[in-house]
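Chains as they are written, first to last, in the numbering used here: chain A, 3 to 329; chain B, 62 to 312. Report on the structure given below.
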Ligand SMILES: [Fe+2]
Ligand SMILES: [Fe+2]
Ligand SMILES: [Fe+2]
């Protein structure tokens, strides 16, 4: 490495260590930029793909109040996608390129959305567990070293905790309801618990990006720390619902002051990451289809904007023609 | 009179519910993320309006039915929405055209309902008109943008307009319920709304470079409940699934 480069990197790391925020115009190592683009775009894609399992129940929500709340929640997720694509754009990559990568299967999104939503209770479990797990990660990211990402997270986190409460309240209603409803809730927890734990990623020993990301303060906690934090916060909530967490090894450990829990099925984890989850193909196809079927709309909007611009210019040249051109 | 008022509120509420439901089918599948959000916004407004209107309908009826009883436990024959709003989404051109053809009517309808003699309906309308004004602006803009966009978008829009035109007559068709509402000072005169509607639609279609279909037969039967299309049953099968499969529970 040439000395000038080395000095820049040392300076950069010093800023990170002093907890300064890095802004778009600041110098940054290529690898830092690449890591952020990868992480922010994955996050953006997750918000957008994440609309699908919940969108699956919008038309079947069991009351009008629930329908409105679910629609509003999914709309928030679309908004999160927009902020995050915006944050990625500050690093010099546009949304269209990122979407191409997603549609080509080259970009990742959170594997949790490759699981199916099979009952109304899943709208509760997703809000409670999936948004709940996302919050653990995102609260940490409000202090991430890259300014635009940190600021996007501040906005997003407020909405995510609202989503989590909304999901929990759906389950609470079911658990206070009939036996059939309670069973629906338990079944849902059984299906979502382990995938939710997998949201934090591979365990620290197997995580390739963690160490460098921690040094750059993109991440401030390891996958395992966040997972533990999530379990500790969530188990008492399951108890309050009267539901059983589907992990026979789950037990409070006084010495550690944490819950002990069973081994995650890492074979399943990697299998879903590789594309073999129950809904990987469907989710991607749904996004590709929406994009392709929307192509003529986007083209038309652009063509119309150009026409307008042109007419405006013609009008400026020939103001007397205004009436004709507008007509 | 009470029966007519109940029917009238069902019409208003069902229009909002069914169209809001249709738009919500787009959620997560829109052509652009921004439009996904915008359509969800409209769906949210409409389902929100439906809640107020059906709740009020239940009160007027006076036999203890709630908004959810009305939404989830009536079959096709009990629904009072116009045929236009129950038509399937089709492509984005059909969705936008359906929205515009409805919004243009709905806007003038609610402008008039702000002066209704019924205080509660007046209050609902006062709140809804702001939303509906935005809906009309949104759908008008997209009519123009897509009508006057590319060759393909123009063709798609013209096809959608040709498909949906026959459902526009019902919007301003005067039925017995409308006459009773007009006499009571509750509902607007549909003749005058028809004039405003035709004018607005012609103006936007002209700007969108679209041909207004002529001489088409107008279908009706939705708002009287005499004959809905086959589409409504499927919509309700989805909308009502949970309540039908697990009767009598709180959600
Ligand atoms: Fe989100
Ligand atoms: Fe998120
Ligand atoms: Fe969320």
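Backbone N, C-alpha and C define an ideal beta-carbon position, used for all residues, glycine too. None of these values were measured; they are calculated from a predicted model.
Item                                                                                                               : Value
Simplified DSSP assignment, three categories, for residue 29 of chain A                                            : coil
Alpha-carbon to alpha-carbon, residue 254 of chain A and residue 104 of chain B                                    : 46 Å
CB contact check: residue 71 of chain B to chain A, cutoff 8 Å                                                     : no
heavy atom of ligand 1 below 7 Å from residue 181 of chain B C-beta                                                : no
Residues that residue 310 of chain B contacts on chain A, provided the C-beta gap is smaller than 7 Å              : 179, 180 and 183
Rounded separation between residue 193 of chain A and residue 53 of chain A - CA only                              : 19 Å
Interfacial residues, the region 247-278 of chain A to chain C, with Cβ spacing under 7 Å                          : No chain C is part of this structure, whose protein chains are labelled A and B.
Per-residue contacts from residue 175 of chain A into chain B (C-beta, under 9 Å)                                  : 311 and 312
Cα-Cα separation between residue 214 of chain A and residue 286 of chain A, rounded to whole angstroms             : 30 Å
Residue 126 of chain A beta carbon less than 8 Å from that of residue 176 of chain A                               : yes
Where residue 308 of chain B falls: helix, strand or coil (DSSP)                                                   : coil
Simplified DSSP assignment, three categories, for residue 148 of chain A                                           : strand
With 16 other Cβ atoms within 10 Å as the buried cut-off, status of residue 258 of chain B                         : buried
Under 8 Å between C-beta atoms of residue 228 of chain B and residue 143 of chain B                                : yes
Proximity test, Cβ basis, 8 Å: residue 126 of chain B and chain A                                                  : no
For residue 87 of chain B, the residue or residues it bridges with in DSSP                                         : DSSP lists no partner for residue 87 of chain B.
Chain B contact residues for residue 61 of chain A, given Cβ-Cβ distances below 7 Å                                : 82, 85, 86, 299 and 300
Close Cβ partners of residue 33 of chain A (< 8 Å) along its chain, the five nearest in sequence each way excluded : 214
Option nearest residue 261 of chain A by Cα separation, candidates A:276, A:236 and A:270                          : A:236
Endpoints, alpha helix (DSSP H) assigned at residue 241 of chain A                                                 : 225-243
Backbone CA spacing between residue 326 of chain A and residue 51 of chain A [nearest angstrom]                    : For residue 326 of chain A, the predicted structure reports a pLDDT of 48, less than 50, and the residue's modelled location is therefore unreliable. The matter cannot be settled from this model.
Chain-ordered residues of the region 151-173 of chain B with a beta carbon less than 8 Å from chain A              : 152 and 153
Environment of residue 328 of chain A [buried if 16+ CB atoms lie within 10 Å]                                     : For residue 328 of chain A, the predicted structure reports a pLDDT of 43, less than 50, and the residue's modelled location is therefore unreliable. A value from the coordinates is still provided. The residue is exposed, with fewer than 16 neighbouring Cβ atoms inside 10 Å.
Contacting residues, own chain, Cβ-Cβ under 8 Å from residue 131 of chain B (five flanking each side not counted)  : 71, 74, 115, 118 and 119
Per-residue contacts from residue 111 of chain B into chain A (C-beta, under 7 Å)                                  : 66
Reduced DSSP category for residue 211 of chain A - H, G, I as helix; E, B as strand; rest coil                     : coil
Cα-Cα separation between residue 283 of chain A and residue 155 of chain B, rounded to whole angstroms             : 28 Å
Among B:124, B:138, B:109 and B:176, the one whose alpha carbon lies nearest that of residue 65 of chain A         : B:109
Chain-ordered chain B contacts of residue 57 of chain A [CB-CB under 8 Å]                                          : 88, 89 and 90
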